[in-house]
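So the number in our numbering is just where the residue sits in the first sequence, counting from 1, plus 5. In what follows, a single structure is set out as structure tokens and then discussed.
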Amino acid sequence: MSHSSFANTDFFTGRPTTEIAQALLGTTLLYRTPTMTVGGLIVETEAYLGTNDTAAHAYNGRRSAFSEPLYRGPGTLYIYRLRANYLLDIVTQPAETPEGVLIRAIEPSIQPEQLVANRGKSGVLVSNGPGKLMQALGIQDQAMNLQPITDSELAIDLSHRKVPREILALPRVGVNPTAASGQLPLRFVVAGNPYLSDIKKRDWQPDHGWQAANDALN
DNA sequence: TAACTGATGGGCT
DNA sequence: GCCCATCAGTTAG
6 MSHSSFANTD FFTGRPTTEI AQALLGTTLL YRTPTMTVGG LIVETEAYLG
56 TNDTAAHAYN GRRSAFSEPL YRGPGTLYIY RLRANYLLDI VTQPAETPEG
106 VLIRAIEPSI QPEQLVANRG KSGVLVSNGP GKLMQALGIQ DQAMNLQPIT
156 DSELAIDLSH RKVPREILAL PRVGVNPTAA SGQLPLRFVV AGNPYLSDIK
206 KRDWQPDHGW QAANDALN
């Protein structure tokens, strides 16, 4: 039987946010409620680099009840609303250093039929965007905002992880490209994965961009 | 299949 | 007011 190991505070400590954003690719985002566990492989992330990043909520030291989670310690969940959607961030630096990673897309892997049912869509539309994946998981409130990921129904499973064959670094989505940080390559994707938020169908890879299982054994 | 556009809630100056 | 860390429906090719 395979066992599970979940990302703890150490995973989000002691290395640059850009590195953590890439390390999350191929891990499994889990939502474990008392009645069931659902989840998917993380295939797209974005790094937000705090007070000097013009696209970050904490740019220039901005701090409010809204952005407060970013200033808490590593592994803090930052769940916020953008229009009608809930988005998921994980804080990646020590308290008072407001950096984080936005989870932008997952490939359904745990109870995929439940994700489809929650979302009311099928195929890549289930989870190929940051608001869509939260709908698919069934998270439609901010109850877990500010929780430490070590004590939450959300978790990152690091065991039996898949390894991207190629990681691309691209400009972030929805960020004003004319701003100072607007074109930085802080968006990381598993090249060729169909669940990426803006991939063209012609660019889908048959193996979804993962290394063969044998190569993935660490 | 891809590009475009309108709806939309809320934080911030 | 203004600006989005978005999404879905519609149109053109």
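Even glycine gets a Cβ: it sits at the ideal position worked out from N, Cα and C. Computed from a predicted model, the values in this text were never measured in an experiment.
For L159, there is no enclosing alpha helix (DSSP H); the residue is part of the beta strand (DSSP E) that begins and ends at L159 to D162.
With fewer than three CB-CB distances shorter than 8 Å, the segment 27–40 does not count as touching the segment 178–187. In the three-state reduction of the DSSP assignment, F17 falls in the helix class. Look at E104 here: in three-state DSSP terms it is coil, with no helix or strand label. Below 8 Å, enough C-beta pairs join the segment 68–81 and the segment 136–152 to call them touching: three or more. Annotation: L54 is outside any alpha helix (DSSP H) and is labelled neither H nor E by DSSP. Note on geometry: alpha-carbon atoms of I115 and V43 lie some 5 Å from one another. Ranked by Cα distance from E112, the first of T40, V106 and S132 is S132.
Check the Cα spacing between V96 and each of G128, T18, M41 and L46: the tightest is with T18.
T22 sits in a helix when the DSSP states are folded into three classes.
Excluding the 5 residues flanking it on each side, N90 has same chain C-beta neighbours closer than 6 Å at G136, in chain order. In the DSSP assignment, the residues bridged to P153 are T81. Comparing C-alpha distances from I172 to each of V178, S9 and Q216 shows the shortest one belongs to Q216. Inter-residue distance for Y36 and G143 is about 9 Å (C-alpha atoms, whole angstroms). Here the C-alpha atom of L46 lies approximately 13 Å from the C-alpha atom of G134.
Beta-bridge annotation (DSSP): D94 is paired with Y83 and L107.
Per DSSP, R68 lies in no alpha helix (DSSP H) segment and is marked neither H nor E. Only exposed fits E101, as fewer than 16 other CB atoms lie within 10 angstroms of its CB. For E171, the three-state secondary structure derived from DSSP is coil.
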